[in-house]
C-alpha cells in the first residue's frame, strides 16, 4: 500500500534561514508526487509537482527514488511562507482515476 | 480563474441525522473527489467519481456514505446517519485527468 511520511509536525525557522520539509514515500510503482500548501483559512492548493521540476515561490523539490524521498526546500524563508505543507502521492488506476494519499502535514512557522 | 465551490461552509447536525454536503466542481472537469480531515489529523481520501459512478473508495467510505452528481454541475456527499466521529472538514476536489487536483474551501461538519 502507498504511504507518505512527514516526520515533522512543526518546523520553526527564522526569516532568511533555509527551509527543508521532509517527505518520504512508499509506493510499488512509479510515483507521482506533489506538495500542497494550505495558508491560514484558505483551501489546499498545489505548490509544485515533481514532474514539472519547476520552482514555485522559491521552493523546489527533487524526487530521490533511491531514498524514496521528495523533500521540499527553500534557501531563504519568508514570513509569508508560514503555512501547512502536505506531501502527497498520486496513484493513477485503470480508467484514469486518481487517489491522492496525503502525508500528515508539517506546519512551517517563519519567525520574523 | 474558475474554482471549486462548496456549501455550506459550516454544517451543524444532531447525531443520527442525514446531511448532504454540496460541491460545484470546475465546469469542464471530469473526475471528482471527496476527502475529509478530522481536526488535527491528515487529509484522508474518501471516494473518487468518474462517468457517473464511483471509481475508487476507501475503507472509510462505508454504507453510510453515498455520492451523487444529480445534475451537470453539482457533486454531493451524503451521510445517512451521522455519528460523532464524522465531525471533520470535508473537501471536494476535481480535475480533468491526471496531475493536479483542485480543491474546494471545505465544509466543516460538526455532529452533536
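Chains as they are written, first to last, in our numbering: chain R, 14 to 125; chain E, 376 to 487.
Just so you know, even glycine gets a beta-carbon here, dropped at the ideal spot from N, CA and C.
- Residue pairing for residue 466(E): DSSP places it in a beta bridge opposite 410(E).
- Against chain E, a Cβ distance below 8 Å from residue 116(R) picks out 417.
- Judged by DSSP in its simplified three-state form, residue 459(E) adopts helix.
- For residue 113(R), the neighbours in chain E by C-beta distance under 7 Å run, in chain order, 420, 476.
- Shown here, residue 93(R) sits in a helix according to DSSP, grouped into three states.
- Across the set 41(R), 27(R), 67(R), the C-alpha of 27(R) shows the shortest separation from the C-alpha of residue 93(R).
- Around the CB of residue 470(E), 16 or more other CB atoms lie within 10 Å, so the residue is classed as buried.
- Beta-bridge partners assigned by DSSP to residue 420(E): 410(E).
- In the three-state reduction of the DSSP assignment, residue 100(R) falls in the strand class.
- For the pair residue 435(E) and residue 419(E), the CB atoms are nearer than the 8 Å cut-off.
- In the structure shown, the three-state DSSP call for residue 394(E) is strand.
- Taking CB atoms only, residue 122(R) has no neighbour in chain E less than 8 Å away.
- Each residue's CA atom was taken as its position, placing residue 464(E) and residue 89(R) some 32 Å apart.
- When the five nearest sequence neighbours on each side are left out, the beta carbons in the same chain lying within less than 7 Å of the beta carbon of residue 397(E) are those of 381, 382, 449, 451, in order along the chain.
- Per the Cβ contact rule, the region 72 to 90 of chain R is in contact with the region 28 to 39 of chain R (3 or more Cβ pairs under 8 Å).
- For residue 44(R) and residue 114(R), the gap between their C-alpha atoms comes out near 11 Å.
- Secondary structure note for residue 426(E): it is in no beta strand (DSSP E), with a DSSP letter that is neither H nor E.
- Annotation: residue 16(R) has no Cβ neighbours in chain E at a cutoff of 9 Å; minimum Cβ distance is about 11 Å.
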